[in-house]
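First comes the structure, then the notes that go with it.
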Amino acid sequence: LKEIRRLRTELPNLGKEQIFVRLKPWCEARHFTCPSTSTIGRIIAGAHDKMRMIPVRLSARGKARLIKKRSVKPRRPKQYRPVKTGELIGMDAIELRMGDLRRYIITMIDEHSDYALALAVPSLNSDITSHFFSKATKLFPVAIRQVVTDNGKEFLGNFDKTLQEASIKHIWTYPYTPKMNATCERFNRTLREQFIEFNELLLFEDLNLFNQRMAEYLVLYNSKRPHKSLELMTPVDYILRESKNCNMWWTHTEH
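Read in order, the letters of the sequence shown are residues 14 to 268 in the working numbering.
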């Protein structure tokens, strides 16, 4: 046991297979029975600290501190396509500029039914996207199971915490791969071409009126506009066909 720990210290976090190769001649020289690879693995797993070496880094003040291992973000599997409404919601943010002014439009769309929502905001951070998401879920026709976003800061922090508290899985795209959120990217383009480009000045002059008119557009988008991807049905009709028991009410809501 001590020799296994020594080997894991000499070569930090050495794997069980490599330890077996180093341990076998050591045991033979002492006429010990060498544990098998699987036994070595169980010995390591059973140790209180997993015999794991954690690197130490000096802070700016010269104090030693342990380096925390970065958590691995759940990524979207390749070729994954949701099979029912609410299974996967794509979210993104559009940035628009006029001189020194900036405006942002947070967008979300169900990848199965194309049901979409959006809101224009004067600034963007995780608190704002969290607030938008909480409001949007009340307008969404079904429960949301997963949300896919890029790695922007607006989708970290309180936004990610909001998803966790609601037991909604948050998955990320890989950096610089917008195609992994292609449905939302297409909706962003449609929103630009059919609404934003005709109301861009209003976006910077009267944000509330812009949002009111965008809500009216989204009513048409969700309940009147035929979608090629839905066999020329509207998102509302598609969802109603998918579930006749779906209770859906769309109302104009002040944000």
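A virtual CB, placed ideally from N, CA and C, is assigned to each residue, including glycine.
- Per the C-alpha coordinates, the member of 229, 222 and 194 positioned closest to residue 92 is 194.
- Burial check for residue 190: the Cβ neighbour count within 10 Å stays below 16, so the residue is exposed.
- In the displayed model, residue 218 falls within a helix according to three-state DSSP.
- The beta carbon of residue 39 sits closer than 7 Å to those of 16, all from its chain and outside the five residues before and after it, given in chain order.
- In this structure, residue 168 places its C-beta atom within 8 Å of the C-beta atom of residue 162.
- A direct Cα-to-Cα measurement between residue 192 and residue 107 gives close to 16 Å.
- A distance below 8 Å separates the beta carbons of residue 149 and residue 130.
- Distance check between residue 240 and each of 227, 256, 19 and 128 places 128 closest, using alpha-carbon atoms only.
- Ranked by Cα distance from residue 228, the options 113, 52, 152 and 110 are led by 152.
- Beyond the five residues adjoining it in sequence on each side, residue 198 comes within less than 6 Å, by CB distance, of 191 in the same chain, given in chain order.
- In the same chain as residue 233, and ignoring 5 residues on each side of it, no C-beta atom comes closer than 7 Å to its own.
- Here DSSP, grouped into helix, strand and coil, assigns residue 183 to strand.
- Residue 133 and residue 90 have their C-alpha atoms roughly 30 Å apart.
- The three-state secondary structure of residue 144, taken from DSSP, is helix.
- In this structure, the straight-line span from the alpha carbon of residue 144 to that of residue 63 is close to 41 Å.
- With a contact defined as Cβ atoms closer than 8 Å, residue 185 and residue 201 miss out at about 18 Å.
- Scanning its chain for C-beta atoms nearer than 7 Å, with the 5 sequence neighbours on each side dropped, one finds around residue 160 the residues 102, 104, 176, 181 and 183, in chain order.
- Take residue 139, set aside five residues on each side of it, and the residues of its chain with a beta-carbon closer than 8 Å to its own are 166, 167, 168, 169, 170, 171, 172 and 173, in chain order.
- Here DSSP, grouped into helix, strand and coil, assigns residue 155 to coil.
- Counting along the chain, residue 238 sits inside no alpha helix (DSSP H), nor does DSSP assign it H or E at all.
- By the Cβ neighbour-count rule, residue 85 is exposed, with fewer than 16 other Cβ atoms within 10 Å of its own.
- For the options 158, 156 and 121, the alpha carbon positioned closest to that of residue 142 is the one of 121.
- If the five residues before and after residue 25 are omitted, its C-beta is found closer than 7 Å to the C-beta atoms of 66, all from its own chain and listed in chain order.
- Under DSSP, residue 103 shares a beta bridge with 122 and 161.
- In this chain, residue 132 is not harboured by any alpha helix (DSSP H); it is covered by the beta strand (DSSP E) spanning 129 to 134.
- Around residue 254, the same chain offers 246 as residues with beta carbons nearer than 8 Å, after the five sequence neighbours per side are excluded.
- Assigned with DSSP and collapsed to three states, residue 254 falls in helix.
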